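Trainee: Protein chains in written order, with the working numbering: chain V, 4 to 298; chain G, 2 to 574. Positions of the beta carbon are idealized from the N, C-alpha and C atoms, including for glycine. Quantities reported herein were computed from a predicted structural model and do not represent experimental measurements. Dropping a structure here in structure tokens format, bear with me for questions.
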């Protein structure tokens, strides 16, 4: 029996960007973007589910994000996660990888006994690939990044194949361990119809608070209790629940400052014809040197 | 991320307007199951939301995965090696995903692990799957053999076989056809016998068995030695694989992913389903409703994809300095295809709901009988629904499968020479569509099955009520055309009855069934146009085309076109 915690993230659908999506302070205006389940995290969840099928145990999905991130937690339930946690607080907003990994690692410490922490290699919005490794450091556990395959788990040890430049290596680690996973390792399973029907109404504390706000007949404690009884409550952790240091969270705890964001549009208007001659190629090279593309 | 359910506006429209209230009420039995199963619905709205979500999943799997693998499945095909059938690798992946998504036991009760979905929703799934890969539907659709076990088997048999389907561990096959018993199933010879302990065994050969390599086989066999007709046949269930020998698989024009097997039963142990002698006359008859609806939905799925391909190609392809989509002749063909698709879809799901309700009432009556409660009212309604289903099922199968052949034919035509090439998808769609009007009863047999109701004017009252209805907007003038078609039908009917010539009536049946079909579909489209004004374009072209065709049908019947049937021998020498 091995328990896994999977860190998942809701990301802007960068393949379908339209309009102004960057705020003036250099952070992403998430409200302007369709939000999707970061693909590599879904692959990580699939890997965790396969380990559960093979060795038993449970799979817990965790996300830090705004209230609407509970969408992807429902999707985790549809795929087969046993429990899900939304870690959400206004004070978490604007977090860089340092602040994010601080919050996530504190949440993971609080959640459960685990043998594996899984994460996608990176999220398509930040592309940093730092949150996984930083979380492992803060949890003081070993990490296997760029995982391609979990070969074997036995005697509290794991053997896994990880990608390296020009090939792969097979590594061994004690448990618990954190693994970051590449995108084509396994194909994530589709939603189970039964689980969709069962969990489509699962709600986080924040969503239930909204329900209660709009209807004076509903009391939040009673609602949470009802949803818990039905198995429809998405466990929600805030800064207070985790007893975090204010100065290490959100924008306050984030030393990374985005200086400037530029939208680079590669236009097709300035095509230049180059003669396929020695002289033509020479001119092209000169031009590229002047533009600092070469050299 | 294409989703074959959410990207199809007409299917969305049809789904939104399904009338499933009574079907859900009977199927969900006061919504008591929610106490036992966390995926059972709480009320009608909740149930409908569940159905939408299920179809969304099927739409996702088919649009994003199954469709991607379809070309390789067609290329690789199912293979036969060393006595074993191997699916194409894409088929294996497809089945795995469908099983993971809980789609292999859609309509069975939750007690056995199923989703308890209405037949109508199951048929919608078949449309989606067939649009992505028609050959996958043949394997997916055979989950339906468990329906026969569900209805006519005993509780032990249900417990033994159905959960395996629901988990996706079993696929099935329906072993009816034999070398000398195709359309004429009364001629089935495969021998069923009992040993002294009462154990049944099967011996003989079945041919053209779709997915004959499946885990569970439903087998029609002659249990009554010495008999020659359908009354000597019983239905059996047995384990396939090691118990049945696959002698070969066929090399087919299309649906390459679906293995068509010749099976040899060498004293295979089997269990009797239901009562002896009822195999053909009751159980095959019953499963044919669902099987034929499945093929009609398969045809619609293939046709939908052919239309999508043709439309996309027409928009992209430039000739004479413009996209060929802007050429009126091409646009006209595309509109014809679109109108046929929407008319077909209206028909398919109207019939699916009829068959669905028929089955639900059958189940309800069984329960009422058990509880010793009166069921007179339900029985009267059931009788009517049986009559309607007996007519509408073959009508839908006939119209949709013939139409799919026409639509795929036209889709290839729009592609021009390119479409004839293997690299383009439309060529596969043409090949896959070609079987739909042959198997589960040829078009000619569907006509035979549908004729009785047409001769008896089964929907007379329904049409009369529609004629008197005050249609609004663009639909209003179209009613007059339908009234005219009905006059033509009545006139032809009188002519046929008066003529008292059986051979003539057999040949003319096709025309008169088609006439009746225009009326039934025409009113469905008028009703749609009342809900959604843009649909008036569809209704308009459908009804005007039908009127022109109706005149031709009438001339065929009345102008002596078929008189030369008597001289067939002379003409055909």
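Please list the partners that residue 51/V has in chain G, where partner means a Cβ-to-Cβ separation under 9 Å.
Mentor: Near residue 51/V there are no residues of chain G at all, since even the closest Cβ is about 15 Å away, more than 9 Å.
Trainee: With a cut-off of 8 Å, do at least 3 Cβ pairs link the segment 95 to 107 of chain V to the segment 254 to 263 of chain V?
Mentor: The segment 95 to 107 of chain V, when compared against the segment 254 to 263 of chain V, does touch it at the 8 Å Cβ threshold.
Trainee: Could you give the distance in angstroms between the alpha-carbon of residue 554/G and the alpha-carbon of residue 92/G?
Mentor: Near 43 Å, if we compare the C-alpha coordinates of residue 92/G and residue 554/G.
Trainee: Residue 231/G to residue 476/G, Cα distance in whole Å?
Mentor: C-alpha separation (whole angstroms): 48 Å.
Trainee: Going by beta carbon distance, what residues of the same chain come within less than 7 Å of residue 547/G, once the five residues before and after it are set aside?
Mentor: Same-chain partners within the cutoff: 486, 519, 523.
Trainee: Name the one or two DSSP bridge partners that residue 68/V has.
Mentor: Looking at the DSSP assignment, residue 68/V forms no beta bridge with any residue, so it has no partner.
Trainee: Output yes or no for whether 9 Å exceeds the beta carbon distance between residue 206/G and residue 159/G.
Mentor: No, these two residues do not count as a Cβ contact at 9 Å.
Trainee: Could you have a look at residue 171/V and say whether DSSP puts it in helix, strand or coil?
Mentor: Three-state result, residue 171/V: strand.
Trainee: Out of 182/V, 55/V, 26/V, 70/V, state which residue places its alpha-carbon closest to the alpha-carbon of residue 237/V.
Mentor: Among 182/V, 55/V, 26/V, 70/V, the Cα nearest to that of residue 237/V belongs to 70/V.
Trainee: Taking just the CA atoms, how far does residue 245/G sit from residue 265/G?
Mentor: When rounded, the distance between both Cα atoms is 6 Å.
Trainee: Any beta-carbon of chain G closer than 9 Å to the one on residue 192/V?
Mentor: It does: the Cβ of residue 192/V has a partner Cβ on chain G nearer than 9 Å.
Trainee: If you check the beta carbons only, do residue 390/G and residue 356/G fall under 9 Å apart?
Mentor: Yes, the Cβ-Cβ distance between residue 390/G and residue 356/G is below 9 Å.
Trainee: Provide the residue span of the alpha helix (DSSP H) that contains residue 538/G, from first to last.
Mentor: From DSSP, the alpha helix (DSSP H) with residue 538/G extends over 537 to 559.
Trainee: How many angstroms separate the CA atom of residue 27/G from the CA atom of residue 130/G?
Mentor: Their Cα atoms are separated by approximately 27 Å.
Trainee: Residue 347/G versus chain V: which residues are under 7 Å apart at the beta carbon?
Mentor: What residue 347/G touches in chain V: nothing, since even the nearest Cβ is about 26 Å away.
Trainee: Could you give the DSSP three-state label for residue 376/G: helix, strand or coil?
Mentor: Coil.
Trainee: The beta strand (DSSP E) with residue 15/V in it runs from where to where?
Mentor: Per DSSP, residue 15/V belongs to the beta strand (DSSP E) from 13 to 15.
Trainee: Would you kindly report the start and end of the unbroken beta strand (DSSP E) that includes residue 87/V?
Mentor: Where residue 87/V is concerned, the enclosing beta strand (DSSP E) stretches over 86 to 90.
Trainee: Should residue 274/G and residue 236/G be called a contact, given that it needs their Cβ atoms to be closer than 9 Å?
Mentor: Against a cut-off of 9 Å, the Cβ pair of residue 236/G and residue 274/G comes out as a contact.
Trainee: Do the segment 481 to 495 of chain G and the segment 530 to 548 of chain G touch if we need at least three Cβ pairs shorter than 8 Å?
Mentor: The answer is yes - the segment 530 to 548 of chain G touches the segment 481 to 495 of chain G, with three or more Cβ pairs under 8 Å.
Trainee: Using 9 Å as the limit for Cβ to Cβ distance, is residue 138/G near chain V?
Mentor: No, residue 138/G does not count as interfacial toward chain V.
Trainee: In chain order, what are the residue ranges of uninterrupted alpha helix (DSSP H) at least 4 long that sit wholly in the segment 321 to 385 of chain G?
Mentor: You should have 329 to 371.
Trainee: Hey, how far is the Cα of residue 135/G from the Cα of residue 284/G?
Mentor: Whole-angstrom Cα-Cα distance: 26 Å.
Trainee: Helix, strand or coil for residue 432/G per DSSP?
Mentor: Three-state result, residue 432/G: helix.
Trainee: Under 8 Å, with one C-beta from each stretch per pair, do the segment 335 to 354 of chain G and the segment 118 to 127 of chain G reach the 3-pair mark?
Mentor: The segment 335 to 354 of chain G vs the segment 118 to 127 of chain G: in contact.
Trainee: Per DSSP, residue 272/G forms a beta bridge with which residues?
Mentor: Answer by DSSP bridge pairing, in chain order: 238/G.
Trainee: What would DSSP say about residue 117/G, mapped onto helix, strand or coil?
Mentor: Reduced to three states, the DSSP call for residue 117/G is coil.
Trainee: With a 10 Å radius around its C-beta and 16 neighbouring C-beta atoms as the bar for buried, classify residue 257/G as buried or exposed.
Mentor: With 16 or more Cβ atoms within 10 Å of its Cβ, residue 257/G is classed as buried.
Trainee: Got a sec: is the Cβ-Cβ distance from residue 54/G to anything in chain V below 9 Å?
Mentor: Answer yes: the Cβ-Cβ gap between residue 54/G and chain V drops below 9 Å somewhere.
Trainee: Out of 58/G, 79/G, 255/G, 83/G, state which residue places its alpha-carbon closest to the alpha-carbon of residue 433/G.
Mentor: Here the closest residue by C-alpha is 255/G.
Trainee: Going by DSSP, what residues sit across from residue 266/G in a beta bridge?
Mentor: Note: residue 266/G sits in a beta bridge opposite 205/G.
Trainee: If I follow the unbroken beta strand (DSSP E) through residue 180/V, where does it start and stop?
Mentor: Where residue 180/V is concerned, the enclosing beta strand (DSSP E) stretches over 180 to 184.
Trainee: Thinking just about the alpha-carbon of each residue, which of 198/G, 281/G, 539/G, 107/G is nearest to the one in residue 164/G?
Mentor: The candidate whose alpha carbon is nearest that of residue 164/G is 107/G.
Trainee: Between the segment 492 to 507 of chain G and the segment 293 to 300 of chain G, do at least 3 Cβ pairs fall closer than 8 Å?
Mentor: With the cut-off at 8 Å, the segment 492 to 507 of chain G and the segment 293 to 300 of chain G do not touch.
Trainee: Just how far apart, CA to CA, sit residue 509/G and residue 282/G?
Mentor: Straight-line Cα distance between these residues: approximately 27 Å.
Trainee: Would you report the Cα separation of residue 147/G and residue 5/G, rounded to the nearest angstrom?
Mentor: Rounded to the nearest angstrom, the two C-alpha atoms are 27 Å apart.
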